[in-house]
Amino acid sequence: MKYFENSVRDENLIARRRQRAKEQVSAYALLSPFIIVFVLFSLLPFVMGFVYLFMKYDPYNLEATQFYGLKNFETLFNTENSMSKEFWESFGPVTVYALCTFPIGTIVAFVLAYFVNMCPPGYKFFRACIYLPSLVSISIAGIVFCNIFGPSGSGLLNSWFGTNIDWLGGKPFQDDFLRWVIILIVCVWLGTGGNFVIYAGVLKDIPKSLYEACEMDGGGRWRKILHVTLPGMKSTLSLTMFGVIVGMLSLYGQPYVLNTIENENILVGPMMWIQKYLTAGLEYAKLTGYICAAALVLGIISAVLGLIQRIAMADRNHGDKYCAAYAKYSDLKAQSVKYKGGTK
Amino acid sequence: MKKKFLGALCLSLALALTVPLAACGGGGDDLNEDGTWWSTTGELNKDANGDIVFDDVSLRMSTIVSGVDKTPFGDIIAQFNAQYRGKININVIYLQGDNFEKDVTMKVQQNANNAPDIVMLHQESLKGFLDYKVIQPYDLAMEETGVEIDLTAFAQGVNQYAQAGTEYQYGVPFDAAGMVVYYNKDLLKETTGSDKVPQTRSELLSVCKQFKDKNSGNYPISWEMSGDFFCQYLMPTAVLQNGGYLYKEDLYADWYNNETQRGIYKNAIQSVRSYIDSGYAKKGVHEMAGATDFMQNKSIFYVTMPWYRENIVSGYATMNQITVAEAEAKISGTSVSGWFAMENETSENAKKIFGDSHMFAMTKTVKDINKKAAVCEFVKWFTQNADVGAQWAEAGHVTLSNTIATSTTYTENKNVVNFINNWYPHLDSFTTMGITPYYSTVSENLKTLLSESLLLDSPTESAYLELIKTKQNALNSRIDMFKM
Amino acid sequence: MMNGPKTKKRLTKSQLTARREKTVAFIVLAIAALLFVFPLIYMLGTSFKSDFDLQMHPDKIFPSPGQWTLKHYNGFFITHSGELDNMPKWMLNSIWSTAAAVGLTLLTDLIVAYVVVFLRWKGKKVFMKALFAWMAAPAVIGTAPGLMIYQTVRNALGVSSQAGTYALVYFWMIVPGITGVFNVILMRNFFKTIPVDIIESAKSDGASHFTIFRKIVCPLAKSTMMVIVLFTFSASWNNLQGPQLLMAGEGQYIQTITVALAESYGGSSAWGAQGVSMATAVFSMIPVLIIFIFTQNKMIEGLAATGVKG
């Protein structure tokens, strides 16, 4: 008997092992296209960029390529150098802009989602209207807004009110405040749609029972928002804000299309600096390593800022007792589902 | 697990390092022993009479032509291909801006099989192509093949740069374009009582004053400061007309450091600015507004680009509800020659105009002597054929070839008579950027120097001098960067 | 039923608040919707204005009576030399490349997420850790070298014809985007919420992985698929920076709509082109609008359903 059971057990073991080996092979086979494409197009350039950082690399004069050590970084951090100065100065406008305005994008989306959640008549139509602009491309947005805010000869607002406000002109930190207002408007116009819909969905998921519990404790509207709604959306809010901040540091499209002759050559963002010198003329080719170094610095700064934001919004005990209770409740529910084997 | 990750990383690092090395092997320089990088192979196909026979030679041309110019240029190439059917066929690739140079350089250096044989470049790109060994001496190729033209028979102002400071001639400069002036004949006559077009700065100022006295609400000169080329062409023009130069022999700028230059650059800015300050031209004008004023008969002169001629004439006709022929009779051309010379109005310098010039050059990938002959044949056709010259002039480009400029077909063309010759009255005084690999930085700093000066609210001399100093230093430090 | 006199029902307090809430919400949303849609209406109206009207009446949103014209839409298809003009080419480029990007991304995400969640294999943890790490990596330093690699490959292959260049540029534009890690993680998170029991029972019924994939997992994932479709669609359609780098210096036939519009009409607009630029903008939005109209309900519901939880 024992030997029979053992052999059956062995057979099962072998069968399972074989199946596992098969799964292993299939897994690698199925993943291989993904991995190959990823390595070739994402990983390889990334690694090469790292390598170029330490070299003086001229793609049109390969013989002159030489190992440069940290010299590219030295140049980059040498603020006397004209190009480095331009790079660091370009951080200024973008950072100020990002700091002042990243809450606005989130707040607008949240407020709109909150109202939609009340399901007033026609809310589906409004929802579609608010979402539609986010599908528009930045170039179209540029054309339309340039014409709305153009000078009195052709601009819509200026001719309506008979004014001649130079919305899009001016230089950074001097007199281009209005231009940044417009950039903000366009950013909000284009970016609200996505976040808005996500928030609307998450809002729906917050169970009504939590609101009722808050009400019974005597909470009015504001308390409900502060203690039920916001904490319930915390992880979503955190994720979307991360996207907003990182996106703002890489600001490229908006200033590129919203400008006048006064400031069209001024680089108001580090991304614009990188793009400009990557696509510039032949004489800039020998500075490729240096430009890559700048790109790395930009990447690191973005990552750090993003990390800070994530940490700041990480789960902490806030007195969101309703949410803690809800978490416990949903855990229980999930467990029961598992045991019963039912579907969601 | 970590080991696997590290392993993967090392592998990709190794891969990354091999790529530049591999590319090194692929392209690289095949230098001859004497340091030259061109060569000739094969023998010329000749017929019984000793004339060259072209047997289905296919050439590729990369050109920097774009925008409004593409159609007229394409038409001309089509004409050539039709005329030389079965013998030579040219395939044109239109590239834009900065990528023109990089694309051509990379393809030629890699000996790619789609590398161009002929390049049509701006004169300013010549030095860059030479430094990267992209082009070969045109005069040598010409001598070898026997398809010759007189390389000295071109306007001297530009032709002086064709050798790029060497003993060989690399480019053939065949056309030019700068800022030009359209003017309203009737309005001029009304203002001054005569048909005489102002030739010097003081004459122009007096015409403007007369206009302003009669029409205080309008501006005698229209221009659009936000136009692509406005500041880019006008600033050097103003500098040259005041007797200055753009950079020293060592390629650095001394706009501020050299006292004479300082005065010249200040005068240059003031000469342009004075039109605004006297109320003769508007400041900060957005695109299209200048054209509108001119077409509505609100100004006498309109300063813009030569390739808008057709649009301006037909737009004028529509706006005034007359036929195009009638509009053509009412508009003519004059030049910016003399407009900005603050002193010495009648000197040779005052006649100078700055702009771009197109050149043809042969790339080093052309080795077979029959191909070289075909290239020379095309260049000869383009630069000596009066019909072609007239056609290209109608698109707004004046010819720099003496042969074409003196032929009757060209000189009797009505657009040449009415516009082209008036736009560029002294062809030998037409100047371009010259021989510097840093031309784009020079150009950008000159351009922003003018645009920022013009937009100043309180235009004092010291403000101008500050700007001149800033831009000079920006240019010089950028050159330091390139030399690093 | 007794049909007595109709007495006015007194609403409870919470019902009153609800009604007040809804009115406020209605007003706020109406204003917001109007503000959001207004620029698009302006764009539409201006595209029909005649040149004369554009100059004389820049303050009107819609053309004055008698000044409606289709002139700006005229030049779209045939130029004066009888060739197919660029607009349709650009439109087609954008359409097919976006469709390819969406389709390929979806397929890849489904497969990779399935492999990661439902198959057992060694190295799974490393793989997932690598993916998460990549999300934090500054991918921007890869742009310059990526361009170099592209140029080198291109010269090595000796691509010369227009068709060859076109194929290479679009290959390079579409394929790298397929491995977008965010979407993979999205799909994986959803797959993880599928109760294991279903899969187990199917397996014990003898279903192969492929059948499970096709018949069980994919139909369940419809809402997440919609989300990915939407994200990929707008990202690909509106992509400006990447394609601009790749297409720099090529002929115009190769451009997508977004790149073409940005280069022709960005910033201080082109000479006399206000009407035409508006018309091109309207024209280029038509495919987006079509897709939007047909799927907006489903997509927005789908987007809301997943709620991207951290």
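Protein sequence lines correspond, in order, to chains A, B and C. Under the working numbering, the residue at position 92 of the first sequence is numbered 92, and the numbers go up by one with no gaps. In the working numbering, each residue's number is its place in the second sequence (first place is 1) plus 1000. In the working numbering, each residue's number is its place in the third sequence (first place is 1) plus 2000. Glycine included, each C-beta is placed from N, C-alpha and C at the ideal position.
Confirm, please, whether the CB-CB distance from B:M1061 to B:I1088 is below 8 Å.
Numbered from its first residue, the second sequence carries residue 1088 of chain B at position 88. Numbered from its first residue, the second sequence carries residue 1061 of chain B at position 61. No, the pair does not count as a contact, with Cβ atoms beyond the cut-off.
Can you confirm whether the stretch 1222-1240 of chain B touches the stretch 1265-1279 of chain B when touching is taken to mean that 3 or more C-beta pairs between the two stretches lie within less than 8 Å?
They touch, by the three-pair rule.
For B:M1225 and A:L40, I'd like the C-alpha separation in whole angstroms.
In the second sequence, the residue the question calls residue 1225 of chain B occupies position 225. In the first sequence, the residue the question calls residue 40 of chain A occupies position 40. Rounded to whole angstroms, B:M1225 to A:L40 spans 47 Å at the Cα level.
Bridge partners of A:K234, per DSSP?
Sequence index remark: in the first sequence, residue 234 of chain A carries index 234 (1-based). Answer is none; A:K234 lacks a bridge partner.
With a threshold of 7 Å, establish whether the CB of B:I1276 neighbours any heavy atom of the ligand SAH.
Among the components modelled here there is no ligand, and therefore nothing to report on the ligand SAH.
Using the three-state DSSP reduction, which class does A:D217 fall into: helix, strand or coil?
For the purposes of this step, residue 217 of chain A is identified with residue 217 of the first sequence, where counting begins at 1. Coil.
Under three-state DSSP, which class holds C:L2240?
Taking the third sequence and counting its residues from 1, the one referred to as residue 2240 of chain C is at position 240. DSSP places C:L2240 in coil when its eight states are reduced to three.
Taking B:G1128 as the query, report the chain A residues whose CB atoms sit under 9 Å from its CB, ordered along the chain.
Numbered from its first residue, the second sequence carries residue 1128 of chain B at position 128. Within chain A, the residues near B:G1128 are G281, L282, E283.
Given this structure, state the Cα-to-Cα distance separating C:Y2166 from B:I1435, to the nearest angstrom.
Translated into the one-based positions of the third sequence, residue 2166 of chain C becomes position 166. Translated into the one-based positions of the second sequence, residue 1435 of chain B becomes position 435. Looking at the two C-alpha atoms, the distance is approximately 36 Å.
The beta strand (DSSP E) with B:R1060 in it runs from where to where?
As a position in the second sequence, residue 1060 of chain B is number 60, starting the count at 1. Run containing B:R1060: 1057-1063, per the beta strand (DSSP E) assignment.
Taking the alpha-carbon positions, what's the A:I198 to A:K204 distance?
Here residue 198 of chain A refers to the residue found at position 198 of the first sequence. Here residue 204 of chain A refers to the residue found at position 204 of the first sequence. Computed Cα separation, rounded: 10 Å.
So, helix, strand or coil for B:Y1245, using DSSP?
Working through the second sequence from its first residue, we reach residue 1245 of chain B at position 245. In the structure shown, B:Y1245 sits in coil (DSSP, three-state: anything other than H, G, I, E or B).
Looking at A:V297: is its Cβ nearer than 8 Å to the Cβ of A:L44?
To locate residue 297 of chain A, count along the first sequence from 1; it is residue 297. To locate residue 44 of chain A, count along the first sequence from 1; it is residue 44. It is not a contact, given that the beta carbons lie outside the stated cut-off.
Flag B:M1120 as yes if its beta-carbon sits less than 8 Å from any beta-carbon of chain A, otherwise no.
The residue you call residue 1120 of chain B lines up with position 120 of the second sequence. So, not an interface residue.
So which of A:L53, A:Q66, A:F38, A:Y60 has the shortest CA-CA distance to A:E74?
Looking up residue 74 of chain A in the first sequence gives position 74. For the residues A:L53, A:Q66, A:F38, A:Y60, the minimum Cα distance to A:E74 belongs to A:L53.
From the DSSP output, read off the bridge partner residues of A:M55.
Here residue 55 of chain A corresponds to residue number 55 of the first sequence, with the count starting at 1. A:M55 is bridged to A:F67.
For a contact meaning CB atoms closer than 8 Å, what does A:N61 contact in chain B?
Here residue 61 of chain A refers to the residue found at position 61 when the first sequence is read from its first residue. Correct list: Y1132.
Restricting to runs no shorter than 3 residues, where is the beta strand (DSSP E) found entirely within the stretch 1345-1369 of chain B?
The stretch 1345-1369 of chain B contains these whole beta strand (DSSP E) runs: 1353-1363.
From A:R18 to C:S2204, what does the alpha carbon distance come to, in whole angstroms?
Your numbering for residue 18 of chain A matches position 18 in the first sequence. Your numbering for residue 2204 of chain C matches position 204 in the third sequence. For A:R18 and C:S2204, the distance between alpha carbons rounds to 17 Å.
Return the CA-CA distance between B:V1366 and A:Y284, expressed in angstroms with no decimal places.
On the second sequence, position 366 is the one that residue 1366 of chain B refers to. On the first sequence, position 284 is the one that residue 284 of chain A refers to. Roughly 27 Å between the two C-alpha positions.
With B:I1269 as the anchor, note down where its alpha helix (DSSP H) starts and where it stops.
Reading the second sequence from its first residue, position 269 is the one you call residue 1269 of chain B. B:I1269 -> alpha helix (DSSP H) spans 1259-1277.
For A:W222, which residues in chain C fall below 7 Å Cβ to Cβ?
For the purposes of this step, residue 222 of chain A is taken as the residue at position 222 of the first sequence. None at all; the shortest Cβ gap to chain C is about 14 Å.
Could you confirm whether any beta carbon from chain C is found closer than 8 Å to the beta carbon of A:M48?
Taking the first sequence and counting its residues from 1, one reaches residue 48 of chain A at position 48. Yes, A:M48 lies at the interface with chain C (some Cβ there is under 8 Å from its Cβ).
Can you find a C-beta in chain D that's less than 8 Å from the C-beta of C:V2196?
Here chain D cannot be found, since the structure's protein chains are A, B and C.
Between which two residues does the beta strand (DSSP E) containing C:G2164 stretch?
In the third sequence, the residue the question calls residue 2164 of chain C occupies position 164. Premise fails: C:G2164 lies in the alpha helix (DSSP H), 2162-2174, not in any beta strand (DSSP E).
Less than 8 Å between the beta carbons of A:G142 and A:I148, yes or no?
Counting from 1 along the first sequence, the entry for residue 142 of chain A is found at position 142. Counting from 1 along the first sequence, the entry for residue 148 of chain A is found at position 148. In this structure, A:I148 does not lie closer than 8 Å to A:G142 by Cβ.
Between which two residues does the alpha helix (DSSP H) containing B:T1315 stretch?
Residue 1315 of chain B sits at position 315 when you count from the first residue of the second sequence. According to the sequence displayed, residue 1315 of chain B carries Gly and not Thr. B:G1315 -> alpha helix (DSSP H) spans 1309-1320.
Mind checking if A:F38 is an interface residue toward chain C, Cβ cutoff 8 Å exclusive?
For the purposes of this step, residue 38 of chain A is taken as the residue at position 38 of the first sequence. At least one chain C Cβ lies under 8 Å of A:F38.
For A:T106, count neighbouring Cβ atoms within 10 angstroms of its own Cβ and tell me buried if that reaches 16, exposed if not.
Within the first sequence, the letter at position 106 stands for residue 106 of chain A. A:T106 is buried by the Cβ-count criterion.
To the nearest whole angstrom, what separates the beta carbons of B:T1363 and B:I1135, a pair I think is in contact under 8 Å?
Looking up residue 1363 of chain B in the second sequence gives position 363. Looking up residue 1135 of chain B in the second sequence gives position 135. Confirmed, Cβ separation roughly 6 Å.
May I ask you to report which of helix, strand or coil DSSP gives B:W1423?
For the purposes of this step, residue 1423 of chain B is identified with residue 423 of the second sequence, where counting begins at 1. DSSP places B:W1423 in helix when its eight states are reduced to three.
Reducing DSSP to helix, strand and coil, say where C:I2257 ends up.
Within the third sequence, numbered from 1, the residue matching residue 2257 of chain C stands at position 257. It is helical.
Spatial neighbours of A:G191 within its chain, please: C-beta separation below 7 Å, excluding the five flanking residues on both sides.
Translated into positions along the first sequence, residue 191 of chain A becomes position 191. These residues qualify, in order along the chain: G105, S134.
With DSSP as the reference, label B:N1099 as helix, strand or coil.
Translated into positions along the second sequence, residue 1099 of chain B becomes position 99. Three-state DSSP puts B:N1099 in a helix.
Provide the residue span of the beta strand (DSSP E) that contains B:D1175, from first to last.
In the second sequence, counting from the first residue as 1, residue 1175 of chain B sits at position 175. First-last of the beta strand (DSSP E) with B:D1175: 1172-1178.
Do C:T2258 and C:L2230 count as a contact pair if the criterion is CB distance below 8 Å?
Looking up residue 2230 of chain C in the third sequence gives position 230. Looking up residue 2258 of chain C in the third sequence gives position 258. Not a contact, by the Cβ cut-off of 8 Å.
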